[in-house]
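Residue numbers (the numbering used here), protein chains in the order written: chain E, 83 to 370; chain B, 489 to 1055. The beta-carbon is built from N, C-alpha and C at its ideal position, and this holds for glycine as well. Beneath this line is the structure, given in structure tokens, with notes to follow.
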């Protein structure tokens, strides 16, 4: 072991045992931890920023894809998950308060409730993922929707549209060539990313709800969906591991009004996980 | 009349003997005490050894590349091998060497001591950061074993997603992710330390300028690196699971990758150059024995460079199909970075003006920096200008420009800092004569290597090419000769620095007459740096620091007021 840890261990009898050797006071150490945690949370948001940015770019270029594809997400399940996470954030905040006031048993109970919220969220997320998996509503090359999700496409003349049931598997240029060969000009239904978006304009003939063969590159929506919720899910799991760890330490009586830094820091992390979901839910589920 | 300042722990011969036997290097002892150390000084030394090893590896690849380019057609290696070597040379030098070089080694070692603190705010996080670096480095090496990478260090899709048959690219990307994490944790640690562990009396404007530059660097590390993290994650899932974010065949957008990549990788250039500028600010002042000129301008220009640096990434994509409006804006913003950079250069020159300049090895490197950064920075303006960039894009002109900034500026300043703090880190003095010799060879070798590349670039030789028309042979041979001279000078440097560890004269506490706090503790410093926090003074006030022939170094004296001495 290092000397720092030894010095630390030799101080365990004193009331200031948790103050590391290079800090002058407990409050200086706590402030350092809080600032460090906030900076870390900023980096987490920036990690997600790449995905939010990708979302913005794809949605701006292909609003019709997002409008069409979001209907396959379950609004009720998403809403329930939002409520679960919000409640767990409340119990987490209460757990921090309880540790701060030396209420050990309350703190442990509240942390366990928070953990339960995490399990509930992941359970519902699992149900949603399983549904997408069975329906073939996956990302990129694995986007192979079943017939009931693409009924109109299944009826479309295959010769004009290549393989309409699995448009993702066909490269955009092949689509263009196939469509051009039949009609002499590119069919507006087949647009590679490089062409301008058809947008949300609807011709008189297509006032009816959009169907699969009118919307292309639907897989990009599911790619974005799985990346964003997947990365968020990993953060939920990490947060739950941390909550379990502080709950265990709280049970052993490691925290007191003088020292509850780990609970407060894990609390901040859990709130961040919550906040990110608050943005993901409307962006992915509530599109008009 | 003057007497020794009683408030300063003096380095008497007896205490120097103590320092030689009882310091951070010797106590505690044993391999485990090093592997699990949380001492910022030991972690800094471990980083230094690791980074110099990576530099050796990247340098070997560079020499092989230059040897291949001695003549047109095949000289020593195959074309495919060549592609892998320039990828590995770039990836190693950027991610394993230059980005962590100054902050993780010298910054780690010096930052807490400059603050009069005992350690960084989060010592264990610091150790984690080192092991993440080590893990990233090992993954990069694993990629070589797994068949290599030939995408170039930029990993542009769609080539990096599908065409490259080498699965090493996934391993390298995972390594880059870990290295980014390591970089973020170092930056986070530095920012919190500077905020929370500054001693009473050290306001923001009494900090040494090296700390300002490390602070600005840390801000970039914190705000830019997570974007690199998510970018390489996306590229990994794109390659393994075919997500369709970057792949045009799946509706993805390869230009989006370029935006993401350069949103990190342009600010990363300032991660490399800002700490270098911080070192030069210290060296110029100490070796001119004159107060730094325009302290607040140098401090704020570091912050300005860090901020502007976030808004210029598009200048890497002038020919990638951006809209003309965006291109013009990025060009304009790119020019704006030259203002704070020039502010620094003029302040250094003004500091030297009228100073008592001593051309010790570290100062030579500082002067070399100003000269090479001048060339590197000004040629950057050629590339920031839209019309000339279309001509020069992806030619050897670009290669030469960024080598002048990265090797010629960032690493030259790193070497200056290494020579400056070598007595403090190791407790030994190196041979000044060999130091000067190696410096002269580095400068000659560097310019001989890279100046011909400017000419080749303007004549149209593209970068990353294995073969070239015969008329480029002479310039390529000049360049290769220069790279050999540089290799010799680095070997020479390694020889006299290693020799100094064994035979070097014991270093006094303050061999150069510096006024910052690290020169007030012994060389090498004790395990906890300072028994009591040292008194904070102006870091650039050299008036009361005088040479002491007995110890071979400098010490602080207090001038006795005239009235007292008369009485």
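- When beta bridges are read from the DSSP output, residue 338/E appears opposite 341/E.
- Chain order gives no chain B residues near residue 101/E, where near means a beta carbon separation below 9 Å; the closest approach is about 12 Å.
- Look at the stretch 852 to 897 of chain B and you find these whole runs of alpha helix (DSSP H), each 4 residues long or longer: 874 to 880 and 884 to 893.
- Interface flag for residue 126/E against chain B is set, since a Cβ pair is found closer than 9 Å.
- Within the model, the alpha-carbon separation for residue 1042/B versus residue 105/E is close to 31 Å.
- Near chain B, meaning a CB-to-CB distance below 7 Å, the residues of the stretch 304 to 316 of chain E are 305 and 309.
- In chain order, 714, 715 and 718 make up the part of chain B whose C-beta sits under 8 Å from the C-beta of residue 131/E.
- For the 9 Å CB-CB criterion, residue 899/B and residue 586/B form a contact.
- Ranking 779/B, 998/B, 839/B and 979/B by CA distance to the CA of residue 1035/B puts 998/B first.
- Its chain contains 871, 880, 945 and 951 as the residues whose beta carbon lies nearer than 8 Å to that of residue 886/B, once the 5 sequence neighbours on both sides are disregarded; these appear in chain order.
- The Cβ atoms of residue 718/B and residue 366/E do not sit closer than 9 Å to each other.
- In this structure, residue 305/E keeps its C-beta atom at 9 Å or more from the C-beta atom of residue 218/E.
- For the 9 Å CB-CB criterion, residue 802/B and residue 815/B form a contact.
- Annotated three-state conformation of residue 564/B is coil, per DSSP.
- For residue 1043/B, the secondary structure class from DSSP, reduced to helix, strand or coil, is strand.
- For the stretch 782 to 814 of chain B, the beta-carbon criterion of a distance under 8 Å to any beta-carbon of chain E is satisfied by none of its residues.
- Look at residue 1035/B here: in three-state DSSP terms it is strand.
- Contact check for residue 580/B and residue 559/B: beta-carbon distance about 26 Å, past the 8 Å limit, so the pair fails to qualify.
- As for any alpha helix (DSSP H) of minimum length 4 sitting wholly inside the stretch 178 to 221 of chain E, the runs are 186 to 217, ordered along the chain.
- The beta-carbon separation of residue 666/B and residue 623/B, rounded to 5 Å, stays under the 8 Å limit for a contact.
- Nearest neighbour of residue 817/B by Cα position, chosen from 807/B, 809/B, 800/B and 831/B, turns out to be 800/B.
- Ranking 809/B, 855/B, 550/B and 878/B by CA distance to the CA of residue 742/B puts 809/B first.
- Pairing residue 553/B with residue 574/B gives a Cβ-Cβ distance under 9 Å.
- In the DSSP assignment, the residues bridged to residue 916/B are 994/B.
- The count of Cβ pairs closer than 8 Å, one atom from the stretch 626 to 641 of chain B and one from the stretch 699 to 712 of chain B, stays below three, leaving the stretches out of contact.
- With respect to chain E, the C-beta atom of residue 529/B has no partner C-beta closer than 9 Å.
- The residue from 609/B, 509/B, 549/B and 533/B with its alpha-carbon nearest to that of residue 112/E is 609/B.
- If you draw a straight line from the Cα of residue 979/B to the Cα of residue 208/E, it is about 58 Å long.
- The C-beta separation of residue 591/B from residue 698/B comes to about 10 Å, leaving the pair out of contact by the 8 Å criterion.
- By the criterion of a C-beta distance shorter than 7 Å, residue 882/B is surrounded in its chain by 950 and 951, once the five residues flanking it on both sides are discounted.
- Contact between the stretch 184 to 199 of chain E and the stretch 156 to 171 of chain E is present: three or more C-beta pairs spanning the two stretches fall below 8 Å.
- Residue 311/E and residue 957/B have their C-alpha atoms some 53 Å from each other.
- Between the stretch 760 to 780 of chain B and the stretch 998 to 1008 of chain B, the count of C-beta pairs closer than 8 Å reaches three or more; the two stretches touch.
- Taking a C-beta distance under 9 Å as the contact criterion, residue 963/B and residue 996/B do not qualify as a contact pair.
- Nearest C-alpha to residue 916/B among 965/B, 974/B and 988/B: 988/B.
- Against chain E, a Cβ distance below 7 Å from residue 684/B picks out 110, 113, 114 and 117.
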